[in-house]
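Student:
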Amino acid sequence: MQSSLRLLETMATVTTYDTCTIPVSGMHCAGCSASVQHALETSPGVSTANVNLMTGDATVEYDPRATTPEQLVETIRGTGYGAELPATADPTHELLDERDEARAEEIADLRRKVGVSLVAGVLVMLLSSPFLLLAITLPVVGWAGRHFYTRAWAALRHGGANMNTLIALGTGAAFLFSLAMTLGDEWFLARGIEPQVYYEAVVWIIALVLLGNLLEARAKARAWEALRRLIGLRPATARVIRGGVEADIPLGALRVGDEVVTRPGETIAADGVVLEGTSHVDESMLTGEPIPVLKTLGDSVVGATLNRNGALRFRVTRVGRDTVLSQIIRLVQKAQGSKPPIQRLADRISAIFVPVVIAVAIVTFIAWLMLAPPPAYLHGLVAAVTVLIIACPCAMGLAVPTAVMVATGRGAELGVLIKGGEALERSGGVDVVVFDKTGTVTEGRPAVTSLRVSAPELDENRLLQLAGSVERLSEHPLGEAIVQEAERRAIRLSQPSEFENRTGKGAIARVDGAGVAVGSMALMRELGVDPVSLRELADRLAGEGNTPVFVAVDGRLAGLVGIADPIKPTSRDAMSKLRGLGVDLVMLTGDNRGTAEAVARAVGVQHVIAEVQPGSKLAEVRRLQDQGKSVAMVGDGLNDAPALAQADVGIAMASGTDVAVEAGAITLMRSDLLGVVDGIGLSRRAMKIMRQNLFWAFIYNVIGIPIAAGVLYPIAGVMLTPAIAAAAMAASSVSVVSNSLRLRNYKSEK
Numbered sequence: 000m001q002s003s004l005r006l007l008e009t010m011a012t013v014t015t016y017d018t019c020t021i022p023v024s025g026m027h028c029a030g031c032s033a034s035v036q037h038a039l040e041t042s043p044g045v046s047t048a049n050v051n052l053m054t055g056d057a058t059v060e061y062d063p064r065a066t067t068p069e070q071l072v073e074t075i076r077g078t079g080y081g082a083e084l085p086a087t088a089d090p091t092h093e094l095l096d097e098r099d100e101a102r103a104e105e106i107a108d109l110r111r112k113v114g115v116s117l118v119a120g121v122l123v124m125l126l127s128s129p130f131l132l133l134a135i136t137l138p139v140v141g142w143a144g145r146h147f148y149t150r151a152w153a154a155l156r157h158g159g160a161n162m163n164t165l166i167a168l169g170t171g172a173a174f175l176f177s178l179a180m181t182l183g184d185e186w187f188l189a190r191g192i193e194p195q196v197y198y199e200a201v202v203w204i205i206a207l208v209l210l211g212n213l214l215e216a217r218a219k220a221r222a223w224e225a226l227r228r229l230i231g232l233r234p235a236t237a238r239v240i241r242g243g244v245e246a247d248i249p250l251g252a253l254r255v256g257d258e259v260v261t262r263p264g265e266t267i268a269a270d271g272v273v274l275e276g277t278s279h280v281d282e283s284m285l286t287g288e289p290i291p292v293l294k295t296l297g298d299s300v301v302g303a304t305l306n307r308n309g310a311l312r313f314r315v316t317r318v319g320r321d322t323v324l325s326q327i328i329r330l331v332q333k334a335q336g337s338k339p340p341i342q343r344l345a346d347r348i349s350a351i352f353v354p355v356v357i358a359v360a361i362v363t364f365i366a367w368l369m370l371a372p373p374p375a376y377l378h379g380l381v382a383a384v385t386v387l388i389i390a391c392p393c394a395m396g397l398a399v400p401t402a403v404m405v406a407t408g409r410g411a412e413l414g415v416l417i418k419g420g421e422a423l424e425r426s427g428g429v430d431v432v433v434f435d436k437t438g439t440v441t442e443g444r445p446a447v448t449s450l451r452v453s454a455p456e457l458d459e460n461r462l463l464q465l466a467g468s469v470e471r472l473s474e475h476p477l478g479e480a481i482v483q484e485a486e487r488r489a490i491r492l493s494q495p496s497e498f499e500n501r502t503g504k505g506a507i508a509r510v511d512g513a514g515v516a517v518g519s520m521a522l523m524r525e526l527g528v529d530p531v532s533l534r535e536l537a538d539r540l541a542g543e544g545n546t547p548v549f550v551a552v553d554g555r556l557a558g559l560v561g562i563a564d565p566i567k568p569t570s571r572d573a574m575s576k577l578r579g580l581g582v583d584l585v586m587l588t589g590d591n592r593g594t595a596e597a598v599a600r601a602v603g604v605q606h607v608i609a610e611v612q613p614g615s616k617l618a619e620v621r622r623l624q625d626q627g628k629s630v631a632m633v634g635d636g637l638n639d640a641p642a643l644a645q646a647d648v649g650i651a652m653a654s655g656t657d658v659a660v661e662a663g664a665i666t667l668m669r670s671d672l673l674g675v676v677d678g679i680g681l682s683r684r685a686m687k688i689m690r691q692n693l694f695w696a697f698i699y700n701v702i703g704i705p706i707a708a709g710v711l712y713p714i715a716g717v718m719l720t721p722a723i724a725a726a727a728m729a730a731s732s733v734s735v736v737s738n739s740l741r742l743r744n745y746k747s748e749k
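The sequence shown begins at 0 in numbering that gives the first Met the number 0 and counts up one residue at a time.
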């Protein structure tokens, strides 16, 4: 009793955390996001915080008893960056407008500041009076570049440093030095020091950094295009039938149970079930598959898909946050805001980068002061400022998140939902792909593949009519395949009598007065029917992966039906392309070895593991991992869930109306295996882009900082100016984003 009470007390004290995502504005480098993240992580009640530079979001897990979203917003604002309360309504309704409005406002503000700064830059080049130069520089420092200083101060108060710190130190030192020379020129002249001002450098540094921010913001906006296109697919209105009258209503007013009419060429307003009509529906926004799908009575339709050639009336089953489109958008948002393991390297470097750069700038100033010819202090000041400016870690902070964002967005357009940066990185390293057979490599539904009639008085249709009439009372999948083939041929089935199911062997019944038996060779022998005339054909069908089903009428062999689970049309092509990527292929199935090997031969899979129970699939995946393999498991997300979860990358086949397949790291919205090729190919391309971005970001600083410090000056008399350093820094950031945007051009294998 006491132990139970203690357990209840412990459960009562367990903290339940809430999660919120807060939009953050004004971040331009890894140091910026690190400052915000550090401030959140050290706030009372915060369990974890993840700040994503590219998406401009802070995802915070917090104890609602200790803090609130409002307090978290104030914490972010205290670091000098903008923050707003997260939207409480359906994000699919608000995300597009709010993000676009915020991005447009940021771009417009930057454009104004860049314009003023560039005009001021031209003027300071034409004028020579220090007081006029000061008058022109003050608005640039106090207005256009003011946020650099306020955010640097906010970061300092929180014990951090970021890009703004470097810019503020560099331009602030140059400005204060110039201000002292302007106001105290006579004092310096009296001591033999020729006054020199650097207003031009201050103005041009701020102008060029702002220009880089503007180009970066515009490039970031392009990275949102995939998600924007998804959200923009929703129609503005829906045509509903209420009280027998058709009326157009806003999409937000649509309710579950409403009946909606969609005419040819219109976008389907919400998820539902067809009540009337027949039409082909273009579901490419969902699956990436360009061929329209026939929809008729009882079929499901998905909101935002395009009705092609017929009118449909359907009952709404899901609206708002519950629709397939909303689920996809949430999955893509979550993926774009996540960090792959490769990001940890950039984060660790960024955490120490700014303090190291400041130390390098101080050492540079001291070295010039001690070794350079007069005026040594001026050379030292210029070199130190140049080091601070060129070392801004913008490119480093953008190297990984831009690639993650563009890749996951492009994947969603292709019907491949990659659930985050870690899934992206793991998929890029896969060297073995394990496939479930049924429903993955094959269609997952048995179908009649061949018919052979051995009784001269029968033809194929009569054979199917007799066998189908017996099997209409059977629940066996092979029997269902015979019934479906008869229905496909418009054969009218009879009502059987004296039906008897022979478990594991088949069924017998009387049809139109005749005794009919449908089943295995064992059933034929049990009934005294000699199957020898069709034995060779039955063996050949079995060797090709078919199940032979014998039919006997009135004690005589009448024919043979071959039934198989058809291979998906794209499976062989997908396997060929995966082999081209250097991936080993394994088929893992519970079917008998003969059938499994026949399917494997047909599609080109090298290794087959057959007759495996569902619970043993996990062990087989683990065995491959123990051999040092990076394993991707492809299954239907149901009985394969344990193996999907165990694999390094679980790839789940979704039905299109069930996108929330949690077991897989990747969900394929279309039903063919070319999606696996797209998932692995896109991930590899994204990882290549990330490595390129990180390499150039690091090399830029490795080369740029020593040159800025003046290592080439004693050798070649070459020395960078602060303005050139600012232009180089801006160019590096834009190049990283532009390189990531190349992922938008990834071509699907379908």
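Backbone N, C-alpha and C define an ideal beta-carbon position, used for all residues, glycine too.
1) Take Thr-149 as the anchor and find which of Thr-164, Pro-476, Leu-740 and Gly-297 has the nearest alpha-carbon.
2) Starting from the N-terminal side, write out each stretch of the beta strand (DSSP E) that is 3 residues or longer and does not extend beyond the segment 555-613.
3) Tell me which same chain residues have a C-beta within less than 7 Å of the C-beta of Arg-314, skipping the five on either side of it?
4) Rank Glu-456, Glu-265 and Gly-581 by C-alpha distance to the C-alpha of Arg-555 and give the top, closest one.
5) For Arg-156, which option in Arg-76, Arg-317 and Trp-367 has the closest C-alpha, if you only look at C-alpha atoms?
6) Contact check, Asp-671 vs Ala-573 under 8 Å by CB: the rounded distance?
7) Pull the bridge partners of Leu-305 from the DSSP assignment, please.
8) Going by the CB atoms, is the gap between Val-433 and Leu-587 shorter than 7 Å?
9) Determine the burial state of Leu-397: buried for a count of at least 16 other Cβ atoms within 10 Å of its Cβ, exposed for fewer.
10) From what residue to what residue does the alpha helix (DSSP H) around Pro-138 run?
11) Quick check: what's the CA-CA separation for Phe-176 versus Tyr-80?
12) Using beta-carbon positions only, say whether Leu-559 and Leu-584 come within less than 7 Å of one another.
13) For Tyr-712 and Ala-726, what's the separation of their Cα atoms in angstroms?
14) For the beta strand (DSSP E) that contains Glu-258, what are its first and last residues?
15) Quick check on Trp-203: buried or exposed, where buried means 16 or more other Cβ atoms within 10 Å of its Cβ?
16) What is the DSSP secondary structure of Gly-169, counted as helix, strand or coil?
17) Between the alpha carbons of Arg-451 and Asp-458, how many angstroms are there, rounded?
18) With DSSP collapsed to three states, give me the class of Val-735.
19) Just how far apart, CA to CA, sit Gly-581 and Val-604?
20) By the three-class DSSP mapping on this structure, what secondary structure does Asn-700 have?
21) Take every Cβ of the segment 362-375, pair it with every Cβ of the segment 309-327, and state whether three or more of those distances are shorter than 8 Å.
22) So, helix, strand or coil for Gly-144, using DSSP?
23) Rounded to the nearest angstrom, what separates Lys-418 and Met-668 at their Cα positions?
24) Specify, as a first and last residue, the run of the beta strand (DSSP E) that Gly-649 falls within.
25) Within 8 Å, do at least three Cβ pairs link the segment 320-328 to the segment 238-252?
26) What does DSSP give as the partner residue(s) for Asn-51 in the beta ladder?
27) Between Ser-739, Met-652, Met-124 and Asp-677, which lies nearest to Gln-691 when the distance is taken from Cα to Cα?
28) With burial defined as no fewer than 16 other Cβ atoms inside 10 Å of the residue's Cβ, what is the status of Thr-401: buried or exposed?
29) Could you give the first and the last residue of the continuous alpha helix (DSSP H) run that contains Asn-460?
30) Between Asn-212 and the rest of its own chain, which residues show a CB-CB distance below 6 Å, the 5 nearest in sequence each way excluded?
31) Given 8 Å as the limit, is there contact between the segment 275-283 and the segment 237-247, that is, 3 or more CB pairs closer than that?
32) Should Leu-387 and Leu-168 be called a contact, given that it needs their Cβ atoms to be closer than 7 Å?
33) Spell out a yes or no on whether the segment 374-385 and the segment 460-470 are touching, meaning 3 or more CB-CB pairs, one atom from each, closer than 8 Å.
34) Can you find at least 3 beta carbon pairs, one from the segment 418-431 and one from the segment 673-682, that sit closer than 8 Å?
35) Taking DSSP as the reference, what is the three-state secondary structure of Asn-500?
36) How many Å lie between Asn-545 and Val-440 at the Cα?
Tutor: For this structure:
1) Of Thr-164, Pro-476, Leu-740 and Gly-297, the residue nearest in Cα terms is Thr-164.
2) Taking 3 residues as the minimum length, the beta strand (DSSP E) runs contained wholly in the segment 555-613 are 555-563, 583-587 and 606-608, in order along the chain.
3) Excluding positions up to five away in sequence, the list reads Gly-256, Glu-258, Gly-271, Val-272 and Leu-274.
4) Of the candidates Glu-456, Glu-265 and Gly-581, the one whose C-alpha sits nearest the C-alpha of Arg-555 is Glu-456.
5) Closest option to Arg-156, Cα to Cα, is Arg-76.
6) Correct: roughly 7 Å between the Cβ atoms.
7) Note: Leu-305 sits in a beta bridge opposite Thr-266 and Asp-281.
8) In contact: Leu-587 and Val-433 (Cβ atoms closer than 7 Å).
9) Burial call: buried.
10) Counted as a single uninterrupted DSSP element, the alpha helix (DSSP H) harbouring Pro-138 occupies residues 129-138.
11) Per the coordinates, the alpha-carbon of Phe-176 lies some 28 Å from the alpha-carbon of Tyr-80.
12) Not a contact, by the Cβ cut-off of 7 Å.
13) Going from the Cα of Tyr-712 to the Cα of Ala-726 covers about 20 Å.
14) Unbroken beta strand (DSSP E) run through Glu-258: 258-261.
15) Only buried fits Trp-203, as 16 or more other CB atoms lie within 10 angstroms of its CB.
16) In this structure, DSSP gives Gly-169 a helical state, which the three-state scheme calls helix.
17) The alpha-carbon atoms of Arg-451 and Asp-458 are separated by roughly 9 Å.
18) Here Val-735 carries a helix assignment [DSSP, helix/strand/coil].
19) The alpha-carbon of Gly-581 is positioned some 13 Å away from that of Val-604.
20) Assigned with DSSP and collapsed to three states, Asn-700 falls in helix.
21) Counting Cβ pairs under 8 Å, fewer than three are found: no touch.
22) When DSSP states are grouped into helix, strand and coil, Gly-144 belongs to the coil group.
23) Rounded to whole angstroms, Lys-418 to Met-668 spans 13 Å at the Cα level.
24) Gly-649 -> beta strand (DSSP E) spans 648-652.
25) Cβ pair count under 8 Å is below three, so no.
26) Beta bridge pairing from DSSP links Asn-51 with Asp-56.
27) It is Ser-739 whose Cα lies nearest to the Cα of Gln-691.
28) So Thr-401 ends up on the buried side.
29) Taken as a continuous stretch (DSSP letters only), the alpha helix (DSSP H) holding Asn-460 covers 459-470.
30) Closer than 6 Å at the Cβ level, and outside the excluded window around Asn-212, lie His-27 and Leu-109.
31) Counting Cβ pairs under 8 Å, fewer than three are found: no touch.
32) Cβ atoms of Leu-387 and Leu-168: closer than 7 Å.
33) Flag = no, the segment 374-385 and the segment 460-470 do not touch.
34) Cβ pair count under 8 Å is three or more, so yes.
35) Three-state result, Asn-500: strand.
36) One Cα belongs to Asn-545, the other to Val-440, and the distance between them is close to 15 Å.
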